[in-house]
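Have a look at the structure below before the remarks.
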Amino acid sequence: MRLILIGPPGAGKGTQCQRLAGMLQVPHLSTGEMLRVAVREGTPAGRQASTYMEQGQLVPDSIIVGMVNQRLQSPDCREGCLLDGFPRTLSQAATLDELLERQAMSVDGVIELAVPRDELVRRMLARKREDDDPEIFSRRIVSFEEQTAPLLDYYARQGKLASIDGLGSADEIFARVTLAIERFRARSRRR
Ligand code: ADP
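FYI, in numbering that gives the first Met the number 0 the residues of the sequence shown are 0 to 190.
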């Protein structure tokens with residue numbers, strides 16, 4: 000299964016993806032994590048990306064797309080993968096469709112974790128990551144609302160979107176996520 004998790008910063012995509020990766024036995028591809036590793040290792044891509052990340056802005060596609068494409072072609076992704084943090088714009092979604100098509104693959108389902116803004120801020124204050132400065136965090140929320148939220152409509156039109164309430168315990172949310180995946184499976188069996 001090839002699934003995408005979409006949600007604002009702090010929605011809990013990472014936590015849910017880790018659990019899902021164990022359940023589905025497919026790799027968890029987090030572009031945020033790939034970028035943080037590249038920054039730590041001081042690679043050319045990492046050096047370019049860090050200025051954008053520090054400001055809560057999206058890193059240019061020229062950096063992201065190559066990274067994701069390379070990862071999608073690795074053998075462990077043949078049976079599927081969980082995409083976390085990519086695509087983040089309509090243009091990245093179109094690119095992803097092309098990349099997958101070339102390998103005769105497609106996106107099976109998209110899960111939105113919906114969380115209200117005041118809860119996101121509360122969680123951010125509790126977790127404290129390097130790019131979690133309050134001002135930068137709100138810029139990432141705005142970037143989500145302006146650039147990423149339109150993807151929900153893009154996938155809804157394709158009948159691929161499941162929107163899930165992201166409030167509650169990690170266990171409760173995981174139960175909702177697995178239910179959505181069951182529905183994706185039932186749908187692909189009917190095809
Ligand atoms: P969050 O979803 O909590 O904002 P991520 O870990 O997914 O955090 O991403 C951290 C940062 O990495 C983003 O703020 C952005 O600068 C960069 N980034 C991650 N994925 C992408 C992407 N697909 N396109 C552009 N920039 C990205």
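Note that the Cβ used here is the ideal one computed from N, Cα and C, for glycine as well. Nothing here was measured: the structure is a model prediction, and the numbers come from that model.
For this session: Could you pull the start and end residues of the alpha helix (DSSP H) that residue 45 belongs to?
Result: The residue labelled residue 45 in the question sits at position 46 within the sequence shown. Here the alpha helix (DSSP H) through residue 45 covers 43 to 53.
For this session: Pick out the complete beta strand (DSSP E) segments inside the stretch 112 to 182, 3 residues or longer, and give them in chain order.
Result: 160 to 164
Exercise. Cα separation between residue 125 and residue 134?
Worked result: Looking up residue 125 in the sequence shown gives position 126. Looking up residue 134 in the sequence shown gives position 135. About 15 Å.
Exercise. What are the boundary residues of the alpha helix (DSSP H) that residue 77 is part of?
Worked result: For the purposes of this step, residue 77 is identified with residue 78 of the sequence shown, where counting begins at 1. No alpha helix (DSSP H) contains residue 77, which DSSP labels as neither H nor E.
Exercise. What's the C-alpha gap between residue 41 and residue 130?
Worked result: In the sequence shown, the residue the question calls residue 41 occupies position 42. In the sequence shown, the residue the question calls residue 130 occupies position 131. Each residue's alpha carbon lies about 17 Å from the other.
Exercise. Around the C-beta of residue 46, are 16 or more other C-beta atoms found within 10 angstroms, so that it is buried, or is it exposed?
Worked result: Here the question's residue 46 lines up with position 47 in the sequence shown. Per the 10 Å Cβ criterion, exposed.
For this session: Inspect the beta-carbon positions of residue 82 and residue 149 and report whether they are closer than 8 Å.
Result: Taking the sequence shown and counting its residues from 1, the one referred to as residue 82 is at position 83. Taking the sequence shown and counting its residues from 1, the one referred to as residue 149 is at position 150. Cβ distance not < 8 Å, so residue 82 and residue 149 don't count as in contact.
For this session: Please go through the same chain and pick out, in chain order, the residues whose beta-carbon is closer than 7 Å to the beta-carbon of residue 13, but skip the five residues on each side of it.
Result: In the sequence shown, counting from the first residue as 1, residue 13 sits at position 14. For residue 13, where only same-chain residues beyond five positions count, the Cβ hits under 7 Å are 29, 83.
Exercise. Should the stretch 94 to 106 be regarded as contacting the stretch 168 to 182, the criterion being three or more beta carbon pairs within less than 8 Å?
Worked result: no
For this session: Would you check whether the ligand ADP has a heavy atom nearer than 7 Å to the C-beta of residue 56?
Result: The count along the sequence shown starts at 1 and reaches residue 56 at position 57. At least one heavy atom of the ligand ADP is nearer than 7 Å to the Cβ of residue 56, so yes.
Problem set entry | Contact check, residue 162 vs residue 113, beta carbons under 8 Å | In the sequence shown, counting from the first residue as 1, residue 162 sits at position 163. In the sequence shown, counting from the first residue as 1, residue 113 sits at position 114. The answer is yes: Cβ separation under 8 Å.
Problem set entry | beta-carbon residue 65 near the ligand ADP non-hydrogen atom, thresh 7 Å | Along the sequence shown, read from residue 1 onward, the residue named residue 65 stands at position 66. No.
For this session: Answer with buried or exposed for residue 93, where buried requires no fewer than 16 other C-beta atoms within 10 angstroms of its C-beta.
Result: Stepping through the sequence shown from its first residue, residue 93 is reached at position 94. By the neighbour-count rule (16 or more Cβ atoms within 10 Å), residue 93 is not buried but exposed.
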